[in-house]
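Asks: Chains as they are written, first to last, in our numbering: chain A, 3 to 287; chain B, 47 to 315. In this text, a Cβ means the ideal position worked out from N, Cα and C, and glycines have one as well.
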Amino acid sequence: MQLRIAVRREMMAQSNRITNADASCHQEVISLEDVSFSFQQQTVISNLSFAVKERDFIGLIGTNGAGKTTLLRMIVGLLKPTSGTIRLFGEKVDRFKQWERIGYVPQKNSLNPLFPATVREVVLSGLYGRNKLFKKMNKADHKKCEDALHAMGIDDLKDKRIGQLSGGQQQRVFLARALINNPSLLILDEPTVGIDTETQESFFHMIKHMHQHHNITFLMVSHDLDMIRSYLGQEPAAGNGKLKFHIKHSHETQDCVENDLAHSLKGLREQMESRKEVVLIGDRN
Amino acid sequence: MEIVTSEFFQRALIGGLLIGVTAPLMGLFLVLRRLSMIGDTLSHVSIAGVALGFLIGVYPIAVGLLFAIAASFAIEKLRKAYKSYAELSIAIIMSGGVALASLLFTMGKGFNSNVNSYLFGSIYTLNDTDLYVIGGVTVIVLVAIWLQVKELFLITFDEDAAAVSGLPVKFYNVMISVLTALIISVSIKIVGALLVSALLTIPAACSLIIARSFRQSVITVVIIGELAVIAGLLIAGVWNLAPGGTIVLLLIAVLLMLLVFKRGVRTGS
């Protein structure tokens, strides 16, 4: 399968980095240069180049086998590209060390419902990175966990076994785990698979809020075309037959950035609960 | 009852108490990572090492340990070759171990009775050296787990998330295999190579029924492991039964009771 990404403003050709007044102040969070991936002599991704800048929101859609998950797994270093270079925050992936800046929510289909772990244990595990090696969790870490639970509105579930939760609740747990480090980049792989429509909508509203009010860059694979189109535009900004990129650039969002994610998400949740109405995905208040 | 106060029994009891902590703890990580059969495989291979140890006159547990470690690396290699059929590597290495052991048995006819105690376990054969080796392994395993329990939890719960957090997943996979090999090779003299994997897996199976958190499951496996080992050794000592078999049957009895109890609670509520 051939995939060649057209270059738009945020995109870059191998030798031609485009800068402009809007984007120049934003750091490149993810950059791919001529990345290809083959598996068992089959080309899954071919000569892909693109850049994601700070506070961009990239929605990635594509049919089964288009290479969506492969691309995400290469970006977070779980797969090595056959050729080409991937950088995170300017550093090559294989040398990248600041993993706490990245929140990754993988597809949740591998979760064993019998696994003996509470919601609190799962969320806290978001802190167990290489810089916490051999260190015990302290009060500040537990506070971060409480905040993340609070932000996602799952405080009352914290002592429940993860397998007892509904799909939507589990997804909030994994998002809380990804948020516990206050990441600069959130990578979500089909976060709403198997979740009912209403929960999906409130989930996306939360994501949208984080994008608009906090300094978080998003890369999200989704099968929910309505959500992607309503927030990121009807037409993909780039892509070819099977893999399409919908983009909302950083300069299209408001500049106000709130610092306290837990507090602001709690406010949003209360607002949503008090309105008791389905919040439209494209709604920008 | 005088057997209980005898020196060899007390040695067995101390050894049992030590492996009653380490084997179920490590087993918990293996079961949760769907590697329940790895204990069986490593123990069958270590028997070949024990047989070779007898044949060449080297401390059998040490040779068994080397074989188990080699097998754990071989499993990792084969797992990569067969990716989605990872359990195939376990089956191949297990039968390879038994095949090699049977050849070595036939080569050294004189030590067959000794080998028997390694297959089914014995409380009469533990000497001071064995006890020191078991003690050393216990310290290594407990320190490794105590220092890295949160990393081991994350790798067990979600290996991808562990890798994205920057944890050296390959190192931990090797560490888990090597620690398992250590535990198995020192446990086979008491529990027996054919039964040692039960001490790894059944306490974990019990904890999946009752534990609500990872912390609880760690405590559960240790308590169940210890209870079964102490009671099993006492029963085996008093009635002159095979200790490994007694311990394993006790573990299965506990598991059945928990299953029935849980069913009762569910239908009662």
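Helix, strand or coil, according to DSSP, for residue 251(A) in the structure here?
Replies: Coil at residue 251(A), not helix or strand.
Asks: Does the beta-carbon of residue 91(B) have 16 or more other beta-carbons within 10 angstroms, so that it is buried, or is it exposed?
Replies: The residue is buried, with at least 16 neighbouring Cβ atoms inside 10 Å.
Asks: Considering only DSSP beta bridges, list what residue 44(A) is partnered with.
Replies: Its beta-bridge partners are 41(A).
Asks: Helix, strand or coil for residue 24(A)? Go by DSSP, reduced to three states.
Replies: Note on residue 24(A): pLDDT 43, under 50, position unreliable in the model; no value is reported.
Asks: Spell out whether any CB of chain B is found under 8 Å from the CB atom of residue 197(A).
Replies: No, its Cβ sits nowhere closer than 8 Å to a Cβ of chain B.
Asks: What are the start and end residues of the alpha helix (DSSP H) that includes residue 140(B)?
Replies: From DSSP, the alpha helix (DSSP H) with residue 140(B) extends over 132-153.
Asks: Of all the options 134(B), 169(B) and 273(B), which has the alpha carbon lying nearest to the alpha carbon of residue 53(B)?
Replies: For the residues 134(B), 169(B) and 273(B), the minimum Cα distance to residue 53(B) belongs to 169(B).
Asks: Using CA atoms only, rank isn't needed, just tell me which of 34(A), 227(A), 266(A) and 145(A) is closest to residue 89(A).
Replies: If we check each option's Cα against that of residue 89(A), 34(A) comes out closest.
Asks: Please list, in chain order, all residues of the same chain as residue 191(A) whose beta carbon is under 7 Å from its beta carbon, the five residues on each side excluded.
Replies: Hits under 7 Å: 71, 74, 107, 108, 109 and 223.
Asks: Residue 120(A) CB to nearest chain B CB: under 8 Å?
Replies: So yes, residue 120(A) belongs to the interface.
Asks: Helix, strand or coil for residue 266(B)? Go by DSSP, reduced to three states.
Replies: Helix at residue 266(B).
Asks: Can you give me the C-alpha to C-alpha distance between residue 140(B) and residue 31(A), rounded to a whole angstrom?
Replies: One C-alpha to the other measures close to 48 Å.
Asks: Is the beta carbon of residue 101(A) sitting closer than 8 Å to the one on residue 195(B)?
Replies: Not a contact, by the Cβ cut-off of 8 Å.
Asks: Measure the C-alpha to C-alpha separation of residue 178(A) and residue 150(A) and round it to an integer number of angstroms.
Replies: If I take the Cα positions, the gap works out to 5 Å.
Asks: Just reading off the alpha helix (DSSP H) that residue 118(B) is part of, what are its end residues?
Replies: Its alpha helix (DSSP H) spans residues 106-128.
Asks: Return the CA-CA distance between residue 152(B) and residue 143(B), expressed in angstroms with no decimal places.
Replies: Approximately 14 Å between the Cα atoms of the pair.
Asks: Interface residues of chain A around residue 259(B) at Cβ under 9 Å?
Replies: Those within 9 Å of residue 259(B) in chain A are 118, 119, 120, 122, 123, 161 and 163.
Asks: Does residue 86(B) pass the burial test, meaning 16 or more other C-beta atoms within 10 Å, or should it be called exposed?
Replies: By the neighbour-count rule (16 or more Cβ atoms within 10 Å), residue 86(B) is buried.
Asks: Tell me the DSSP secondary structure of residue 10(A) in three-state form.
Replies: Its pLDDT being 36, under 50, residue 10(A) is placed unreliably by the model, and the measurement read from it follows with that caveat. Reduced to three states, the DSSP call for residue 10(A) is coil.
Asks: Would you please verify whether the beta carbon of residue 132(B) is less than 8 Å from any beta carbon of chain A?
Replies: So, not an interface residue.
Asks: Can you list, in chain order, the residues of its chain whose CB lies under 6 Å from that of residue 184(B), leaving out five sequence neighbours each side?
Replies: Closer than 6 Å at Cβ, skipping near neighbours: 64 and 68.
Asks: Suppose you measure from the CA of residue 96(B) to the CA of residue 193(B); what does that come to, to the nearest Å?
Replies: The straight-line gap from Cα to Cα measures roughly 31 Å.
Asks: If we ignore side chains and look at the alpha-carbon of each, how far apart do residue 238(B) and residue 308(B) end up?
Replies: If I take the Cα positions, the gap works out to 31 Å.
Asks: Given this structure, state the Cα-to-Cα distance separating residue 268(A) from residue 211(A), to the nearest angstrom.
Replies: The alpha-carbon atoms of residue 268(A) and residue 211(A) are separated by roughly 11 Å.
Asks: Going along the chain, which residues of the region 196-211 of chain B sit with their C-beta nearer than 8 Å to a C-beta in chain A?
Replies: Within the region 196-211 of chain B, the residues whose Cβ lies closer than 8 Å to some Cβ of chain A are 196, 197, 199, 200, 203, 204, 206, 207, 208, 209, 210 and 211, listed in chain order.
Asks: Taking residue 136(A) as the query, report the chain B residues whose CB atoms sit under 8 Å from its CB, ordered along the chain.
Replies: Within 8 Å Cβ-Cβ: 193 and 194.
Asks: If the cut-off is 9 Å on Cβ atoms, which residues from the region 69-83 of chain A count as contacting chain B, listed in chain order?
Replies: The residues in question are 75, 78, 79 and 80.
Asks: With 16 other CB atoms within 10 Å as the buried threshold, where does residue 294(B) fall?
Replies: Result: buried.
Asks: Do you know how far the Cα of residue 89(B) is from the Cα of residue 114(B)?
Replies: Answer to the nearest angstrom: the Cα atoms are 7 Å apart.
Asks: Taking the beta carbon of residue 248(A) as the centre, do at least 16 other beta carbons fall within 10 Å, making it buried, or is it exposed?
Replies: With 16 or more other Cβ atoms within 10 Å, it is buried.
Asks: Distance, Cα to Cα, residue 216(A) vs residue 184(A)?
Replies: Each residue's alpha carbon lies about 10 Å from the other.
Asks: Spell out whether any CB of chain B is found under 8 Å from the CB atom of residue 235(A).
Replies: Chain B, which has no Cβ nearer than 8 Å to the Cβ of residue 235(A), makes this no.
Asks: If you compare alpha carbons, which of 297(B), 138(B), 311(B) and 146(B) is closest to residue 66(B)?
Replies: Checking every option, the nearest Cα to that of residue 66(B) belongs to 297(B).
Asks: Determine the burial state of residue 39(A): buried for a count of at least 16 other Cβ atoms within 10 Å of its Cβ, exposed for fewer.
Replies: By the neighbour-count rule (16 or more Cβ atoms within 10 Å), residue 39(A) is buried.
Asks: At the 8 Å Cβ level, is residue 245(B) part of the contact set with chain A, yes or no?
Replies: It does not; no Cβ of chain A falls within 8 Å.
Asks: With DSSP collapsed to three states, give me the class of residue 156(A).
Replies: The answer is coil: DSSP assigns residue 156(A) none of H, G, I, E or B.
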